[in-house]
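Trainee: Got a structure here, written out as structure tokens. Questions coming.
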Amino acid sequence: MSQKIAVIQYNAGNIHSVLSALHRLGFKGILTDNPEIIQSSDKVIFPGVGEARSTMNHLREKGLDEIIKNLTQPVLGICLGMQLLCKHSEEKDTDCLGIIPLEVKKFIPQQRENVPHVGWNTLLNTQNLLFDGLPENSFAYFVHSYYATLGPETIAQTDYIFPFSAAVQKDNFYATQFHPEKSGWVGEKILSNFLNIAP
Amino acid sequence: MLAKRIIPCLDIKDGRTVKGVNFVDLKDAGDPVELGKKYCDEGADELVFLDITATHEKRKTLAALAKNIAQHLNIPFTIGGGISSVNDASYLLEAGADKISINSAPVKNPNLINQLADTFGNQFVVVAIDAKQINGEWFVYLNGGRLPTDIPLLQWAKEAENRGAGEILFTSMDHDGTKNGFACQALAEMSDLVGIPIIASGGAGNIDHFSEVFTVGKADAGLAASIFHFNEVNIPELKQALKSSGISVRY
């Protein structure tokens, strides 16, 4: 059971929540920006709270963009981490890592909906091992102003103003727009499903 | 569908919960983390911790509390009490707080909202407003409701939004402690005026009051303290009742 879990460290806030969540599940995450440690880990978590352009610049300066693109073990992007795995973000017109070929767009209110989208919302059409053991319409905690569009990589959808990708997967890259580390037992189940993926 | 949120509020003094909380099933109901965890397990959507300690050791104890909570709870939480600078806030973010609540400080220095929002993002900044109705008009009060101002409630709420607040926590001092229901009319007016979530506080006495605050009051979240602490309203029953009346809640 003892596996090496790297949590990519960069200039983002509230990364400690991810470490605490791992700890509650009985795992110890290593917070690191060291390429060798990241590459040699069994699982990699790419968390994120922050702004797309400055974060992408930071990743490029550190050479982490190429490291992340070439990872072959299971990777979990969270929130901004998910958006940065996509192709391009409207947030300051930022080219992202391009691993998931989806666009990230800004929420435009249609009927005076609040932006950012903050709070608990339902996960629809879940179809992936990440959601094993969860009932349809489980609630997860979201905080974001930008969203990834729907596509073949979408493995869960949420409706807020528009239907968008609540989670995506392509090859070894998994990602959630919501925060599993803040989503109660539902989030813990998703994290533990990710950690249980066979190498 | 986005769920309406139920938020228990815990008052903290010197690292302990106050308000004479009494639970037979808790080893130590004075322990904010143990009480918070209980609410978390019962289905609370978020928690608010308000520190009312008045010592200069405050910053350290508040950060230690935030760290302890972040390690044990798997839902978002807000921490507030005397935060008056970006520096104060960054300690709390580091310690794992999801949001901070500011109240008197931004009234004295409105630019604080801009600074906090620019540094940490709008989602991190909850502007708490205490207000009271005088001759039919609502005015903002400071320092825990002891200091009146001539600032109209709605004007301040709008300014807070424009400056970058991510949410507003509005406490009606006229309703607080009465258990006669929330200030639904003022809440609805505020909701029509601003485009950010509103947390309603003050006046919750029973399940119907929550139902009212989400429909008539158009609030996004309902906050209460003593009715949860004294188990006058039980969170699972509250959520069941809201769900039955067609209000979207997380269960």
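In order, the protein sequences belong to chains A and B.
Each residue of the first sequence is one higher than the last, beginning at 4 in the working numbering.
Each residue of the second sequence is one higher than the last, beginning at 52 in the working numbering.
From the three backbone atoms N, C-alpha and C, an ideal C-beta is built for every residue, glycine too.
#1: Chain B beta carbons: is any one of them nearer than 7 Å to that of A:A9?
#2: Quick one: which chain B residues come within Cβ less than 8 Å of A:K185?
#3: Give a yes or no on whether the minimum CB-CB distance between A:V21 and chain B is below 7 Å.
#4: Name the one or two DSSP bridge partners that A:Y149 has.
#5: Please state whether DSSP places B:V177 in a helix, a strand or coil.
#6: So, is B:N125 buried or exposed, given that buried needs 16 or more other C-beta atoms within 10 angstroms?
#7: For B:A272 versus B:I286, is the C-beta distance shorter than 7 Å?
#8: Within 8 Å, do at least three Cβ pairs link the segment 173–183 of chain B to the segment 137–155 of chain B?
#9: Which term fits B:V99, buried or exposed, when burial requires 16 or more other beta carbons within 10 angstroms of its beta carbon?
#10: Could you tell me which whole beta strand (DSSP E) segments of length 3 or greater appear in the segment 84–109 of chain A?
#11: So what's B:N73 in DSSP terms, helix, strand or just coil?
#12: Kindly indicate if chain A contains any beta-carbon less than 7 Å away from that of B:D96.
#13: Does DSSP put B:N194 in a helix, a strand or coil?
#14: Is the segment 54–67 of chain A close to the segment 180–192 of chain A, with three or more CB pairs under 8 Å?
#15: Strictly under 7 Å for the Cβ-Cβ distance: is B:I247 near chain A by that measure?
#16: Between A:N199 and chain B, is there a C-beta pair that is closer than 7 Å?
#17: Of all the CB atoms in chain B, is at least one closer than 7 Å to the CB of A:G122?
#18: Report the residue from B:S252, B:D243 and B:G131 whose alpha carbon sits nearest the alpha carbon of B:T104.
#19: Applying a beta-carbon distance threshold of less than 8 Å, which residues of chain B neighbour A:G29?
#20: At a CB-CB cut-off below 8 Å, which residues of chain A make contact with B:A292?
#21: Let's see if you can read the secondary structure: which residues bound the beta strand (DSSP E) around B:R56?
#22: Would you tell me roughly how many angstroms separate the C-alpha atoms of B:V191 and B:E263, rounded to the nearest one?
#23: Determine contact between the segment 182–197 of chain B and the segment 83–100 of chain A, defined as no fewer than three beta-carbon pairs at a distance below 8 Å.
#24: Using the DSSP secondary-structure output, state which residues sit across from B:I219 in a beta bridge.
#25: Is the Cβ of B:R56 closer than 7 Å to any Cβ of chain A?
#26: Return the Cβ separation of A:A169 and A:L126 in integer angstroms, given the expectation that the two are a contact with Cβ distance under 8 Å.
#27: Going by beta carbon distance, what residues of the same chain come within less than 8 Å of A:I8, once the five residues before and after it are set aside?
#28: Is A:I193 buried or exposed, if buried means 16 or more other CB atoms sit within 10 Å of its CB?
#29: With 7 Å set as the bound, which would you pick, yes or no: does the beta-carbon of B:A121 sit closer than that to a beta-carbon of chain A?
#30: In this structure, does DSSP put B:N154 in helix, strand or coil?
#31: Mind checking whether the beta-carbon of A:L25 lies closer than 6 Å to any heavy atom of the ligand HEM?
#32: With DSSP run on the structure shown, which of helix, strand or coil describes A:P183?
#33: Give me the DSSP bridge partner(s) of A:K173.
#34: Helix or strand or just coil, what does DSSP make of B:D102?
#35: Counting only beta-carbon atoms, is B:Q174 nearer than 7 Å to chain A?
#36: Does B:L167 get closer than 7 Å to chain A when you measure Cβ to Cβ?
Mentor: From the atom records:
#1: As a working note, residue 9 of chain A is residue 6 in the first sequence. For A:A9, the answer is no, since every Cβ of chain B falls outside 7 Å of its Cβ.
#2: The residue given as residue 185 of chain A occupies position 182 in the first sequence. In chain order: N125, I126, P127 and D149.
#3: As a position in the first sequence, residue 21 of chain A is number 18, starting the count at 1. False, the Cβ-Cβ gap to chain B never drops below 7 Å.
#4: By one-based count along the first sequence, residue 149 of chain A stands at place 146. A:Y149 is bridged to A:K109.
#5: As a first step, residue 177 of chain B is located in the second sequence; it is residue number 126 there, counting from the start. Three-state result, B:V177: strand.
#6: Residue 125 of chain B sits at position 74 when you count from the first residue of the second sequence. When all chains shown are included, B:N125 counts as buried.
#7: Within the second sequence, residue 272 of chain B is the residue found at index 221, counting from 1. Within the second sequence, residue 286 of chain B is the residue found at index 235, counting from 1. For B:A272 and B:I286, no; Cβs fall outside 7 Å.
#8: yes
#9: Indexing the second sequence from 1 puts residue 99 of chain B at position 48. Classification for B:V99: buried.
#10: 106–109
#11: Within the second sequence, numbered from 1, the residue matching residue 73 of chain B stands at position 22. The predicted model places B:N73 with a pLDDT of 47, which falls under 50 and marks its position as unreliable, so this point remains unresolved.
#12: By 1-based counting over the second sequence, the position of residue 96 of chain B is 45. It does; some Cβ of chain A falls within 7 Å.
#13: Here residue 194 of chain B is taken as the residue at index 143 of the second sequence, counted from 1. It is coil, neither helix nor strand.
#14: no
#15: Position 196 of the second sequence, counting from 1, holds the residue named residue 247 of chain B. By this cut-off, B:I247 is an interface position.
#16: Residue numbering aside, residue 199 of chain A sits at position 196 when the first sequence is read from its first letter. No, A:N199 lies away from the interface with chain B (no Cβ there is under 7 Å from its Cβ).
#17: Indexing the first sequence from 1 puts residue 122 of chain A at position 119. For A:G122, the answer is yes, since a Cβ of chain B falls inside 7 Å of its Cβ.
#18: Position 53 of the second sequence, counting from 1, holds the residue named residue 104 of chain B. Of the candidates B:S252, B:D243 and B:G131, the one whose C-alpha sits nearest the C-alpha of B:T104 is B:G131.
#19: Position 26 of the first sequence holds residue 29 of chain A. Those within 8 Å of A:G29 in chain B number zero; the least Cβ separation is about 14 Å.
#20: Start at 1 with the first residue of the second sequence, and residue 292 of chain B comes out as number 241. Those within 8 Å of B:A292 in chain A number zero; the least Cβ separation is about 18 Å.
#21: What you label residue 56 of chain B is simply residue 5 of the second sequence in a count that begins at 1. It spans R56 to K64 - the beta strand (DSSP E) in which B:R56 sits, taken as one unbroken run.
#22: Counting from 1 along the second sequence, the entry for residue 191 of chain B is found at position 140. Counting from 1 along the second sequence, the entry for residue 263 of chain B is found at position 212. Going from the Cα of B:V191 to the Cα of B:E263 covers about 24 Å.
#23: no
#24: Here residue 219 of chain B corresponds to residue number 168 of the second sequence, with the count starting at 1. DSSP, once it has assigned bridges, lists B:V178 and B:I249 as partnering B:I219.
#25: Here residue 56 of chain B refers to the residue found at position 5 of the second sequence. Answer yes: the Cβ-Cβ gap between B:R56 and chain A drops below 7 Å somewhere.
#26: Taking the first sequence and counting its residues from 1, the one referred to as residue 169 of chain A is at position 166. Taking the first sequence and counting its residues from 1, the one referred to as residue 126 of chain A is at position 123. With a Cβ gap of about 5 Å, A:A169 and A:L126 count as contacting.
#27: For the purposes of this step, residue 8 of chain A is taken as residue 5 along the first sequence, with counting starting at 1. Cβ within range, chain order: L25, F30, K31, G32, I33, S44, D45, K46, V47, I48 and L198.
#28: Taking the first residue of the first sequence as 1, we reach residue 193 of chain A at position 190. That one is buried.
#29: As a first step, residue 121 of chain B must be located in the second sequence, where it is residue number 70. Output row for B:A121: interface = yes.
#30: Position 103 of the second sequence holds residue 154 of chain B. In this structure, B:N154 counts as coil in the three-state DSSP scheme.
#31: Looking at this structure, you won't find the ligand HEM or any other ligand, since it has none at all.
#32: For the purposes of this step, residue 183 of chain A is taken as residue 180 along the first sequence, with counting starting at 1. Here A:P183 sits in helix by DSSP.
#33: Locating residue 173 of chain A in the first sequence gives position 170, where the first residue counts as 1. Per DSSP, A:F176.
#34: Locating residue 102 of chain B in the second sequence gives position 51, where the first residue counts as 1. Reduced to three states, the DSSP call for B:D102 is strand.
#35: Counting from one through the second sequence, the residue named residue 174 of chain B turns up at place 123. Yes, B:Q174 lies at the interface with chain A (some Cβ there is under 7 Å from its Cβ).
#36: Start at 1 with the first residue of the second sequence, and residue 167 of chain B comes out as number 116. So no, B:L167 is outside the interface.
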